[in-house]
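Note sheet for the following structure.
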Amino acid sequence: MIRRSTRRFAAILVATTGIASASPTFAESSAIRTIGDWQLRCETAPARACALVQSVVDEARTKVRLSIVALKTTDRTSILRVVTPLGVLLPSGVGLRIDQTEMGEAAFLRCMPSGCVAEIEMTADQIARLSAGTTATFTLMQTPAEGVAIPIGLKGFREGFAALP
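Here the working numbering is used: the first residue of the sequence shown is 95, the next is one more, and so on.
Written out as C-alpha cells, the structure is:
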C-alpha cells in the first residue's frame, strides 16, 4: 500500500529545486494547489517559481519514500527529479515505466541527508506519455538482485504540468 506524504516537501524542494527556503516565510510566500494526484507548489517571492510534486511512501517498507518533482527551468527545459531514500544502489539509477511502456532509467546526480536525487531532462514524448498515462512506476534497486517498484498516479499531471510557468 502507498500513502501520500507531504510532510517533507519543503526540505525536498530546498534540496532539489531551490524554490523554497527553510525559513518560516516559505508558508507566507507560497501557494499550493492540488491537481489530481499532484500538488502544484509555487513560491511567489522574490520571484514566481513552481514545481509539480507528488510524494509517496511504501507502507510495507516505511523507509522507502519517493518524491517526484516536475518543473520547468528558466530556459524552459522540462525536468523530472526523483528523490529516493538513502541506501539505494546508485549505479542502477531509477527505472521508469509509464503504464506498460518501459521508459528507461534516470541517473543519480547526488545524495544528501534528505535522500538521493536522480534527474532527467524530459523529452516531448515523455511529457506526452506522462500526460496521457494512468500510472508511473519507479523502480529502485536495493541490491543488484532486489528492486522495489513504487507506483504513482498520473491523474492531473497534464493540467499541472501545463500550469507550470
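Backbone N, C-alpha and C fix where the C-beta goes; we use that ideal spot for every residue, glycine too. Note that this is a predicted model, so its numbers are computed, not measured.
Q: Measure the Cβ-Cβ separation of Val182 and Cys136 and say whether it is below 7 Å.
A: No, these two residues do not count as a Cβ contact at 7 Å.
(Q) Suppose the cutoff is 6 Å on Cβ atoms and the five residues either side in sequence are ignored; what does the same chain contact list for Arg159 look like? (A) Closer than 6 Å at the Cβ level, and outside the excluded window around Arg159, lie Val151 and Pro179.
Q. How far does the alpha helix (DSSP H) with Glu253 in it reach, from first residue to last?
A. Glu253 -> alpha helix (DSSP H) spans Phe251 to Ala257.
Q | DSSP state of Leu134 mapped onto helix, strand, coil | A | Three-state result, Leu134: strand.
Q) Would you call the stretch 194-202 and the stretch 212-229 touching, i.e. three or more CB-CB distances under 8 Å? A) Proximity of the stretch 194-202 to the stretch 212-229 meets the contact definition, three or more beta-carbon pairs being nearer than 8 Å.
(Q) Using a 10 Å radius around the Cβ and a threshold of 16 neighbouring Cβ atoms, would you call Arg175 buried or exposed? (A) Within 10 angstroms of the beta-carbon of Arg175 lie 16 or more other beta-carbons, which makes it buried.
Q.
Using the three-state DSSP reduction, which class does Pro245 fall into: helix, strand or coil?
A. In the structure shown, Pro245 sits in a strand (DSSP, three-state: E or B).
Q) Which residues bound the alpha helix (DSSP H) around Ala218? A) Looking at the DSSP string, the run of the alpha helix (DSSP H) that includes Ala218 is Ala218 to Ala226.
Q: Going by DSSP, name the residue or residues bridged to Gly198.
A: In the DSSP output, where bridge partners are listed per residue, Gly198 has Leu190.
Q) Where does Ala201 land, buried or exposed, given buried means 16+ other C-beta within 10 angstroms? A) Residue burial annotation: Ala201 is exposed, with fewer than 16 other C-beta atoms found within 10 angstroms of its C-beta.
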